[in-house]
Amino acid sequence: MKIKESDQGVKITEQPKKYANVGSFIGGASSSKNNMVGFDEDLIQVMETLTGDESNLQILSVVGMGGIGKTTLARHIFSRLRLPLLDEVQSWSLFCDKVFGKSESCPLELEEIGKTIVRNCGGLPLAIAAISGLLAKFCRTVEYWKSVANDTYEALNMGGDGFCFEILSLSYRHLPVHLKPCFLYMAIFREDSNIRVSMLVELWVAEAIVKPIRFRSLEEVAEDNLKDLIDRNLIQVRDYGSRNNIKSCTIHDLFRELCLKEAQNERPVSLPTEIWEMPHLRHLKTGEGDFYLPDPPSTNSKNGRRDIFELKNLRTLSTIRNFRCTNEVLRRIPNLKKLGITYKRFSGGFGWDYYEVYNLAYLCNLESFILNSPEKLPQNFGFPRSLKKLTLQYCEVSWGYLTVVGSLPHLEALNLMHYAVVGREWNPVEGQFLKLKSLRIVGTDLEEWVADSTHFPNLEKLQLNQLRHLKEIPYGIGEIGTLRSISLVWCISSANASAEKIQEEQQQLGNSDLQVRIISV
Numbered sequence: 001m002k003i004k005e006s007d008q009g010v011k012i013t014e015q016p017k018k019y020a021n022v023g024s025f026i027g028g029a030s031s032s033k034n035n036m037v038g039f040d041e042d043l044i045q046v047m048e049t050l051t052g053d054e055s056n057l058q059i060l061s062v063v064g065m066g067g068i069g070k071t072t073l074a075r076h077i078f079s080r081l082r083l084p085l086l087d088e089v090q091s092w093s094l095f096c097d098k099v100f101g102k103s104e105s106c107p108l109e110l111e112e113i114g115k116t117i118v119r120n121c122g123g124l125p126l127a128i129a130a131i132s133g134l135l136a137k138f139c140r141t142v143e144y145w146k147s148v149a150n151d152t153y154e155a156l157n158m159g160g161d162g163f164c165f166e167i168l169s170l171s172y173r174h175l176p177v178h179l180k181p182c183f184l185y186m187a188i189f190r191e192d193s194n195i196r197v198s199m200l201v202e203l204w205v206a207e208a209i210v211k212p213i214r215f216r217s218l219e220e221v222a223e224d225n226l227k228d229l230i231d232r233n234l235i236q237v238r239d240y241g242s243r244n245n246i247k248s249c250t251i252h253d254l255f256r257e258l259c260l261k262e263a264q265n266e267r268p269v270s271l272p273t274e275i276w277e278m279p280h281l282r283h284l285k286t287g288e289g290d291f292y293l294p295d296p297p298s299t300n301s302k303n304g305r306r307d308i309f310e311l312k313n314l315r316t317l318s319t320i321r322n323f324r325c326t327n328e329v330l331r332r333i334p335n336l337k338k339l340g341i342t343y344k345r346f347s348g349g350f351g352w353d354y355y356e357v358y359n360l361a362y363l364c365n366l367e368s369f370i371l372n373s374p375e376k377l378p379q380n381f382g383f384p385r386s387l388k389k390l391t392l393q394y395c396e397v398s399w400g401y402l403t404v405v406g407s408l409p410h411l412e413a414l415n416l417m418h419y420a421v422v423g424r425e426w427n428p429v430e431g432q433f434l435k436l437k438s439l440r441i442v443g444t445d446l447e448e449w450v451a452d453s454t455h456f457p458n459l460e461k462l463q464l465n466q467l468r469h470l471k472e473i474p475y476g477i478g479e480i481g482t483l484r485s486i487s488l489v490w491c492i493s494s495a496n497a498s499a500e501k502i503q504e505e506q507q508q509l510g511n512s513d514l515q516v517r518i519i520s521v
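The sequence shown: position 297 = 297 (the UniProt record's numbering), numbered continuously.
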């Protein structure tokens, strides 16, 4: 298609064959709301702008008042511009490249079976890549390739959307046992996430996803597992670092859906409803955070005597998954002091509103709270003012969000674990953390920490673990009169040196009580 600009506007002088049926597509006599009449040239122009000369591609915004056809226009464009499937030659070329690489060709005894497998993939690049990654890792025998050919043929007979998903499922079912939890873990990341490899490795290690191997660190094992999943085309490289190391990665949306589907087969167990009928229960601990707490029974049961179901003696509740903090639940646990909850893998369309997390702030007797949340926290997430100890893990809030935490009047211990907070710089606000005695930060991307003795006036213990980007500890921290210990584990040399300098300066001032403990990588 050629488009010329003139004083009269844009004029289409030639319509290519690939858009030749656009008129019949959006015209027609149907009165359906999905039909468009009279916008043939506009539709062609938009499609050409999106798919024409690569040096002049654009992003187009469709704006306007409601009801004028924006969605219908976008739907028609999307329907017309579907990527074509690969033909047999392209499919075979992609398959061989993924399985054998550039320098090797397919053995003759496997070629016919291989082409059958490729045909069963129906020209879908993602399906071919998934099966190729599977075959590249297993022994190249006729028997094994025949079994894969049979599996892909059965998937092909499913037809529809189930065909592609079944092909992808094959690559998961053939994964070694040690790789399956690593792959399923990818479901915690949002769609199209740019996943930092350093963070992913730390998460796998912290969650005991990787198993130890003799003479190798857990981090090395995790990196090997990631490389294996990449070689199998289950995870894609997003960016490389300066040393040609993998800096970030991502997972295709369909593979993420596969993770979610397979994870449902390991669905956590719900505690029995009879829990709410144990008035003398004081401590309930589930250990792994894979148990749901059921909603309490109706208040109309038991002759309307709601006090039968109030757990007035309950002091500890941990670790509950996707805790639903309704007003009714709050009334049943009025004296709770310790709470541990995990929010992850929301399903069924449920979001934060469904779990009513804003009610957590009304647990007025709560003193200790552990929150593990790979799901990003909502803005209205608050904490009870009675808290003395708070542990956050994987929450990925900003350092600025800690002003909410710092305003808690009784907070004495704060643990920020494994990307609980993200961001390069932390500037605490003066007048907060007034009673904080213990601060522990583990596994974040913090680089600059700007603070002095006025920010944590009663701090006694500082623990920094796996802060591989933090350049130094603020020297003003050493001037806190109550500080008794600084501990650094697996931090960089400049941070270690700053801790030693703080100790040296305090000793020169006559303060021999400050202890510094350093464990290097």
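For glycine and all other residues, C-beta sits at the position ideal for the given N, C-alpha and C.
Please state the DSSP three-state secondary structure of Q515. Counted from its first residue, the sequence shown places residue 515 at position 515. Three-state DSSP puts Q515 in a strand.
Under DSSP, the alpha helix (DSSP H) around F183 begins and ends at which residues? The residue given as residue 183 occupies position 183 in the sequence shown. Taken as a continuous stretch (DSSP letters only), the alpha helix (DSSP H) holding F183 covers K180 to Y185.
Output needed for N194: all residues of its chain with C-beta closer than 7 Å, excluding positions within five of it in sequence on either side, in chain order. Counting from one through the sequence shown, the residue named residue 194 turns up at place 194. Excluding residues within five positions, the ones whose Cβ falls inside 7 Å are R238, S248 and T250.
Spatially closest choice to R324 from L446, N335, G340 and N244, by CA coordinates: The sequence position of residue 324 within the sequence shown is 324, counting from 1. Of L446, N335, G340 and N244, the residue nearest in Cα terms is G340.
By the 10 Å Cβ neighbour count, where 16 or more other Cβ atoms means buried, how is L85 classified, buried or exposed? Residue numbering aside, residue 85 sits at position 85 when the sequence shown is read from its first letter. The residue in question, L85, is exposed, as its Cβ has fewer than 16 Cβ neighbours within 10 Å.
Answer with buried or exposed for S520, where buried requires no fewer than 16 other C-beta atoms within 10 angstroms of its C-beta. Residue mapping note: residue 520 aligns to position 520 of the sequence shown, counting from 1. Result: exposed.
Measuring alpha carbon to alpha carbon, tell me which residue in C139, I167, V142 and W145 is nearest T152. If you number the sequence shown from 1, residue 152 lands on position 152. Ranked by Cα distance from T152, the options C139, I167, V142 and W145 are led by I167.
Looking only at its chain, what residues have a beta carbon closer than 8 Å to the beta carbon of R468, apart from the 5 residues adjacent to it on each side? Position 468 of the sequence shown holds residue 468. Correct list, in chain order: S198, W490, C491 and I492.
Where does L371 sit, in a helix, a strand or coil, going by DSSP? Numbered from its first residue, the sequence shown carries residue 371 at position 371. Reduced to three states, the DSSP call for L371 is strand.
Note down the Cα distance separating E504 from F309, rounded to an integer number of angstroms. On the sequence shown, position 504 is the one that residue 504 refers to. On the sequence shown, position 309 is the one that residue 309 refers to. Straight-line Cα distance between these residues: approximately 59 Å.
Let me know the secondary structure DSSP gives N245 once reduced to three states. Working through the sequence shown from its first residue, we reach residue 245 at position 245. N245 falls in the coil class under three-state DSSP.
K227 in three-state terms, based on DSSP: Residue numbering aside, residue 227 sits at position 227 when the sequence shown is read from its first letter. Residue state, collapsed to three classes: helix.
For A451, which residues from the same chain have a beta carbon less than 7 Å from its beta carbon, with the 5 sequence-adjacent residues on both sides left out? For this step, residue 451 is matched to residue 451 along the sequence shown. Answer for A451: P428, P474, G476 and I477, listed in chain order.
Bridge partner(s) assigned by DSSP for H283: What you label residue 283 is simply residue 283 of the sequence shown in a count that begins at 1. DSSP, once it has assigned bridges, lists T316 as partnering H283.
Do you know whose CA, among E223, Y362 and V329, lies nearest K204's CA? Your numbering for residue 204 matches position 204 in the sequence shown. Going by the sequence as given, residue 204 is Trp instead of Lys. In this structure, E223 is the residue among E223, Y362 and V329 with its C-alpha nearest to the C-alpha of W204.
Can you tell which of F383, C395, H178 and L408 has the C-alpha that lies nearest to the C-alpha of N372? On the sequence shown, residue 372 is found 372 positions in, with the first residue counted as 1. Of F383, C395, H178 and L408, the residue nearest in Cα terms is C395.
Grouping DSSP H, G and I as helix and E and B as strand, with all else coil, what is residue 533? Missing from the structure shown is residue 533; the chain here goes from 1 to 521 and no further.
Once you ignore the five residues that flank R256 on each side, which residues in its own chain have a CB closer than 7 Å to its CB? As a first step, residue 256 must be located in the sequence shown, where it is residue number 256. Around R256: M186, A187 and E191.
Around the Cβ of K98, are there at least 16 other Cβ atoms within 10 angstroms (buried) or fewer (exposed)? Position 98 of the sequence shown, counting from 1, holds the residue named residue 98. Burial is judged here by how many other beta carbons sit within 10 angstroms of a residue's own beta carbon; K98 has at least 16 and is buried.
Alpha carbon to alpha carbon, what distance is there between H252 and R440? As a first step, residue 440 is located in the sequence shown; it is residue number 440 there, counting from the start. As a first step, residue 252 is located in the sequence shown; it is residue number 252 there, counting from the start. Rounded to the nearest whole angstrom, the CA to CA distance from R440 to H252 is 35 Å.
Three or more beta-carbon pairs under 8 Å between the stretch 405–422 and the stretch 351–365, yes or no? No, they do not touch.
Measuring straight from C-alpha to C-alpha, what distance separates Q236 and F291? For the purposes of this step, residue 236 is taken as the residue at position 236 of the sequence shown. For the purposes of this step, residue 291 is taken as the residue at position 291 of the sequence shown. Approximately 32 Å, taken between the alpha carbons.
Taking the alpha-carbon positions, what's the S386 to F433 distance? As a first step, residue 386 is located in the sequence shown; it is residue number 386 there, counting from the start. As a first step, residue 433 is located in the sequence shown; it is residue number 433 there, counting from the start. Their backbone Cα atoms lie some 14 Å apart in a straight line.
Which one of L311, Q515, I128 and K338 has the shortest CA to CA distance from Q90? Position 90 of the sequence shown, counting from 1, holds the residue named residue 90. That would be I128, whose Cα lies nearest to the Cα of Q90.
Just curious, the beta strand (DSSP E) that A413 is in, first and last residue? Position 413 of the sequence shown holds residue 413. That run of the beta strand (DSSP E) goes A413 to M417.
So E460 packs on R424, CB below 8 Å; how close in whole Å? Locating residue 460 in the sequence shown gives position 460, where the first residue counts as 1. Locating residue 424 in the sequence shown gives position 424, where the first residue counts as 1. The C-beta distance from E460 to R424 rounds to 27 Å, too long to fall under 8 Å, and the pair is not in contact.
What residue range is occupied by the uninterrupted alpha helix (DSSP H) comprising I128? Walking along the sequence shown from the start, residue 128 turns up at place 128. In the DSSP annotation of this structure, the continuous segment of the alpha helix (DSSP H) that includes I128 starts and ends at P125 to K137.
Euclidean distance between Cα positions of W399 and Q379: Along the sequence shown, one-based indexing puts residue 399 at 399. Along the sequence shown, one-based indexing puts residue 379 at 379. It is roughly 14 Å from the alpha-carbon of W399 to the alpha-carbon of Q379.
Measuring straight from C-alpha to C-alpha, what distance separates A155 and F165? As a position in the sequence shown, residue 155 is number 155, starting the count at 1. As a position in the sequence shown, residue 165 is number 165, starting the count at 1. Using only the alpha carbons, I get a separation of about 9 Å.
C-beta atoms of D228 and L179 nearer than 8 Å: Here residue 228 corresponds to residue number 228 of the sequence shown, with the count starting at 1. Here residue 179 corresponds to residue number 179 of the sequence shown, with the count starting at 1. It is a contact, given that the beta carbons lie within the stated cut-off.
If you draw a straight line from the C-alpha of I333 to the C-alpha of L293, how long is it? Start at 1 with the first residue of the sequence shown, and residue 333 comes out as number 333. Start at 1 with the first residue of the sequence shown, and residue 293 comes out as number 293. I333 and L293: Cα-Cα distance of roughly 12 Å.
Please classify residue 564 as buried or exposed, where buried requires at least 16 other C-beta atoms within 10 Å of its C-beta. Look at the range of the chain in this structure, 1 to 521, and you will see that residue 564 is not part of it.
Return the bridge partner residues of I209 from the DSSP annotation. On the sequence shown, residue 209 is found 209 positions in, with the first residue counted as 1. Its beta-bridge partners do not exist; DSSP assigns none.
Classify E375: buried if its beta carbon has 16 or more other beta carbons within 10 angstroms, exposed otherwise. Here residue 375 refers to the residue found at position 375 when the sequence shown is read from its first residue. Buried, since its Cβ has 16 or more Cβ neighbours within 10 Å.
Could you tell me which residues DSSP pairs with Y240 in its beta bridges? Here residue 240 corresponds to residue number 240 of the sequence shown, with the count starting at 1. DSSP lists I246 as partners of Y240.
Per DSSP, K461 is paired with what? For this step, residue 461 is matched to residue 461 along the sequence shown. Within the DSSP bridge table, the entry for K461 names S438 and S485 as partners.
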